[in-house]
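Note sheet for the following structure.
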Amino acid sequence: MLAPLTPIDWKRRAVKYYPEKIAVIDEDKQFTYKEFGNRTDQLSIALHTSGVKPQEHVAVMLPNTHYMLEAFYGIVQLGAVIVPLNFRLSAKDLEYIIRHSDAKTLIVDAEFGKLIEDIQDKLPIERYIVVPVDGHESAINGTDYEAFISQVPEDAVLPSVEIDENSMLSLNYTSGTTSNPKGVMQTHRTNYMNAANFLHHLEVKFDDVYLHTLPMFHTNGWGGVWAITAAGATHVCLRKVDPPLVLDLFEQHGISVLCGAPTVVNMLVNEPKAKSLQLSRKLRMATAGSPPAAALIAKAQNILGLNMMHVYGLTETSPFILYCEWKNEFDSKSLEEQATIKARQGIELAFNGETKVVNQEDGKEVAWNGKELGEIITRGNVVMKGYYKDPEKTAEAIKDGWFYTGDLAVTHPDGFIEIQDRIKDMIISGGENISSTEIEGVLYKHPDILEVAVIAVPDEKWGEVPKAIVVLRPGADITEQQLLDYTRDQMSRFKVPKSVEFVESLPKTATGKLQKFQLREMYWNAGKKVN
Numbered sequence: 036m037l038a039p040l041t042p043i044d045w046k047r048r049a050v051k052y053y054p055e056k057i058a059v060i061d062e063d064k065q066f067t068y069k070e071f072g073n074r075t076d077q078l079s080i081a082l083h084t085s086g087v088k089p090q091e092h093v094a095v096m097l098p099n100t101h102y103m104l105e106a107f108y109g110i111v112q113l114g115a116v117i118v119p120l121n122f123r124l125s126a127k128d129l130e131y132i133i134r135h136s137d138a139k140t141l142i143v144d145a146e147f148g149k150l151i152e153d154i155q156d157k158l159p160i161e162r163y164i165v166v167p168v169d170g171h172e173s174a175i176n177g178t179d180y181e182a183f184i185s186q187v188p189e190d191a192v193l194p195s196v197e198i199d200e201n202s203m204l205s206l207n208y209t210s211g212t213t214s215n216p217k218g219v220m221q222t223h224r225t226n227y228m229n230a231a232n233f234l235h236h237l238e239v240k241f242d243d244v245y246l247h248t249l250p251m252f253h254t255n256g257w258g259g260v261w262a263i264t265a266a267g268a269t270h271v272c273l274r275k276v277d278p279p280l281v282l283d284l285f286e287q288h289g290i291s292v293l294c295g296a297p298t299v300v301n302m303l304v305n306e307p308k309a310k311s312l313q314l315s316r317k318l319r320m321a322t323a324g325s326p327p328a329a330a331l332i333a334k335a336q337n338i339l340g341l342n343m344m345h346v347y348g349l350t351e352t353s354p355f356i357l358y359c360e361w362k363n364e365f366d367s368k369s370l371e372e373q374a375t376i377k378a379r380q381g382i383e384l385a386f387n388g389e390t391k392v393v394n395q396e397d398g399k400e401v402a403w404n405g406k407e408l409g410e411i412i413t414r415g416n417v418v419m420k421g422y423y424k425d426p427e428k429t430a431e432a433i434k435d436g437w438f439y440t441g442d443l444a445v446t447h448p449d450g451f452i453e454i455q456d457r458i459k460d461m462i463i464s465g466g467e468n469i470s471s472t473e474i475e476g477v478l479y480k481h482p483d484i485l486e487v488a489v490i491a492v493p494d495e496k497w498g499e500v501p502k503a504i505v506v507l508r509p510g511a512d513i514t515e516q517q518l519l520d521y522t523r524d525q526m527s528r529f530k531v532p533k534s535v536e537f538v539e540s541l542p543k544t545a546t547g548k549l550q551k552f553q554l555r556e557m558y559w560n561a562g563k564k565v566n
């Protein structure tokens with residue numbers, strides 16, 4: 036009989052073969068795989084005893100702590116569905132998601148209790164389980180987490196659950212932009228195959244130490260919550276991304292692997308301590324969320340010796356579908372040329388299925404010439420079941436078995452795919468397509484620029500034109516005209532921003548992904564949107 040593909044089986048294996056290996060480090064606490072396995076089993080039994088049934092939805096609102104890891108395994112091995120919540124959302128968005136998800140149980144960190152308290156009377160939650168946090172009192176009428184799991188007798192047996200690999204494992208909500216967030220239904224199989232990609236392409240081994248810089252609520256930590264356990268490696272939890280602390284943890288625990296958005300890398304390379312860091316191991320990192328600028332990749336290599344692997348995907352694809360595979364012939368290229376290559380999204384991963392770029396008009400695959408623009412589409416082992424309770428949006432996104440990403444890209448002669456822009460971020464000025472990411476890539480090379488976002492703004496003559504919104508490095512002194520002149524020297528005249536605005540910070544999601552729609556809303560009235 037075939038066994039179902041489920042990442043839960045990896046925990047069983049790790050407990051069986053590596054019982055005394057350190058599984059999880061969380062500040063001053065450490066758990067072996069045997070201890071971690073016992074705690075997750077206790078959580079499963081306690082949830083089962085309280086009435087949680089297979090395929091029932093359990094919401095969790097936790098930072099990157101051992102409690103969050105326990106929740107993933109404890110909920111999912113029960114056959115229930117985990118609903119990871121982004122604790123940085125507004126109370127309004129959280130209320131919508133919790134109600135829409137049909138969750139009856141909520142495990143919440145006391146630090147975020149106030150958000151829930153404000154909307155508690157509007158929620159359909161029947162069971163609240165609260166993780167205590169020093170310095171944070173919560174008025175939520177719920178059960179203390181440790182008390183909840185410690186009530187389980189030592190001789191209690193984990194309930195036997197038959198898991199269908201195509202049943203839902205998690206319900207992950209996308210970031211809402213101009214509409215409500217959508218619930219993405221991911222299965223045991225899609226999570227398993229994505230984590231297999233994580234294992235294979237990041238070359239995760241038994242002795243690796245993984246730092247959870249990426250929020251675990253974001254597409255299940257890109258698969259890191261499963262893949263690290265599969266290898267019997269060590270999870271290091273990180274409640275909040277604080278650059279000096281992250282660099283300290285690099286040294287203290289011999290971190291070897293991490294994931295995160297380019298903005299996280301940007302913070303680390305600009306931390307003064309980075310240049311004097313004494314690392315005992317080489318670092319490798321998967322980065323995604325937005326294409327990293329070539330200049331940033333070069334800095335990461337120079338300052339941290341960081342081997343960055345650019346990956347690409349979406350919540351709807353578990354998330355990985357492309358990675359920038361490194362070829363031996365690239366080694367002879369200059370550092371800047373190597374960084375430019377690494378900024379590409381790349382080729383299909385080993386276990387996800389087929390991905391290609393197609394012409395938006397006739398649906399045919401674009402020529403492999405690095406010039407013809409089309410939309411990235413994909414099908415295979417990591418694509419979602421659909422959007423929860425939204426068959427209309429599902430039908431719009433998945434056509435004839437293919438998921439349409441909404442990302443515009445070209446395919447280079449070697450098959451490497453490179454995103455030019457999101458469909459909604461492409462600037463169409465006087466009939467010419469202008470890539471906002473191309474302009475950002477040029478501006479990121481300027482030594483005075485810390486962060487930049489390029490958006491379309493209305494223009495009476497051209498319809499819309501590019502505008503650069505820039506965060507300068509501390510102490511930088513440069514004018515708008517100087518930046519425009521700098522850009523004009525490096526790209527076609529029609530692509531040069533028509534204006535530059537200096538700001539103190541840019542709006543981002545919890546994973547550090549730029550939220551350009553917030554910037555666009557400042558310049559476009561309610562009745563007119565870009566493209």
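Heads up: the sequence shown runs through residues 36 to 566, numbered per the working numbering. We treat Cβ as the ideally placed atom computed from N, Cα and C, and that holds for glycine. It should be emphasised that the depicted structure is a prediction, and the values quoted were computed from it without experimental measurement.
Asked: Buried/exposed call for E146, threshold 16 Cβ in 10 Å; Found: buried
Asked: Proximity winner among F252, R123, E515, G398, relative to S534 (alpha-carbon distances); Found: E515
Asked: T212 to S125 span [Cα, whole Å]; Found: Low local confidence applies: a pLDDT of 46 at T212 is under 50, so the model's placement there is unreliable, and no value is given.
Asked: Within 7 Å, strictly: CB atoms of Y180 and V166; Found: yes
Asked: According to DSSP, residues forming a beta bridge with V489; Found: A503
Asked: Closest residue to G450 among T429, E200, E389 (Cα-Cα distance); Found: E389
Asked: Separation of T209 from L234, as counted between CA atoms; Found: 24 Å
Asked: CA nearest to the CA of V445, picked from P532, D199, N394; Found: N394
Asked: Closest by C-alpha distance to L580, when choosing among E130, G340, N387, P448; Found: With the chain represented from 36 up to 566, any question about residue 580 goes unanswered, as that position is not in the structure.
Asked: Runs of alpha helix (DSSP H) lying entirely within the segment 80-142, each at least 4 residues, in chain order; Found: 101-111, 126-136
Asked: 7 Å CB neighbourhood of T41 in its chain, flanking five on each side removed; Found: I198, E200, H223, Y227
Asked: A329 versus N255, V219, R319, E371, residue with shortest Cα-Cα distance; Found: E371
Asked: Pair within 7 Å by beta-carbon distance, I474 and V492; Found: no
Asked: For A402, three-class secondary structure by DSSP; Found: coil
Asked: Touching by the beta-carbon criterion (3+ pairs, under 8 Å), the segment 57-68 and the segment 81-92; Found: no
Asked: Cβ separation of L104 and V59, assumed to be a contact under 8 Å, to the nearest whole Å; Found: 6 Å
Asked: Meets three-Cβ-pair contact criterion under 8 Å: the segment 73-84 and the segment 299-318; Found: no
Asked: Unbroken stretches of the alpha helix (DSSP H), 4 residues or longer, contained in the segment 313-396; Found: 329-339, 370-377
Asked: Classification of Q517 by the beta-carbon crowding that lies within 10 angstroms, buried from 16 upward; Found: exposed
Asked: Cut-off 6 Å between Cβ atoms - residues of its own chain near E400, not counting five sequence neighbours on either side; Found: K391, V393
Asked: Simplified DSSP assignment, three categories, for Y422; Found: strand
Asked: Check whether Q221 and M419 have beta carbons under 7 Å apart; Found: yes
Asked: Of the listed residues P327, D277, G295, nearest to E306 (C-alpha basis); Found: D277
Asked: Straight-line gap, E453 to H447 (C-alpha atoms, nearest Å); Found: 8 Å
Asked: Three-pair Cβ contact test at 8 Å for the segment 147-165 versus the segment 282-293; Found: no
Asked: Distance between beta carbons of H247 and L17, contact taken as under 8 Å; Found: No answer is possible for residue 17: it lies beyond the span of the chain, which begins at 36 and ends at 566.
Asked: Among V531, G86, G148, the one whose alpha carbon lies nearest that of N468; Found: V531
Asked: Between the CA atoms of T413 and N73 - distance to the nearest angstrom; Found: 39 Å
Asked: Best match in K56, D61, T350, R457 for proximity to L284 [C-alpha to C-alpha]; Found: D61
Asked: Beta-carbon proximity of I458 to L478, cut-off 7 Å; Found: no
Asked: Status (buried if at least 16 other CB within 10 Å, exposed otherwise) for D242; Found: exposed
Asked: Assumed close pair P98, K275 - CB separation to whole angstroms, cut-off 8 Å; Found: 7 Å
Asked: Cβ pair Y521, H481 closer than 7 Å; Found: yes
Asked: 7 Å CB neighbourhood of V87 in its chain, flanking five on each side removed; Found: V93, L113, A115, T140
Asked: Exposure of A38, with buried meaning 16 or more beta-carbon neighbours within 10 Å; Found: exposed
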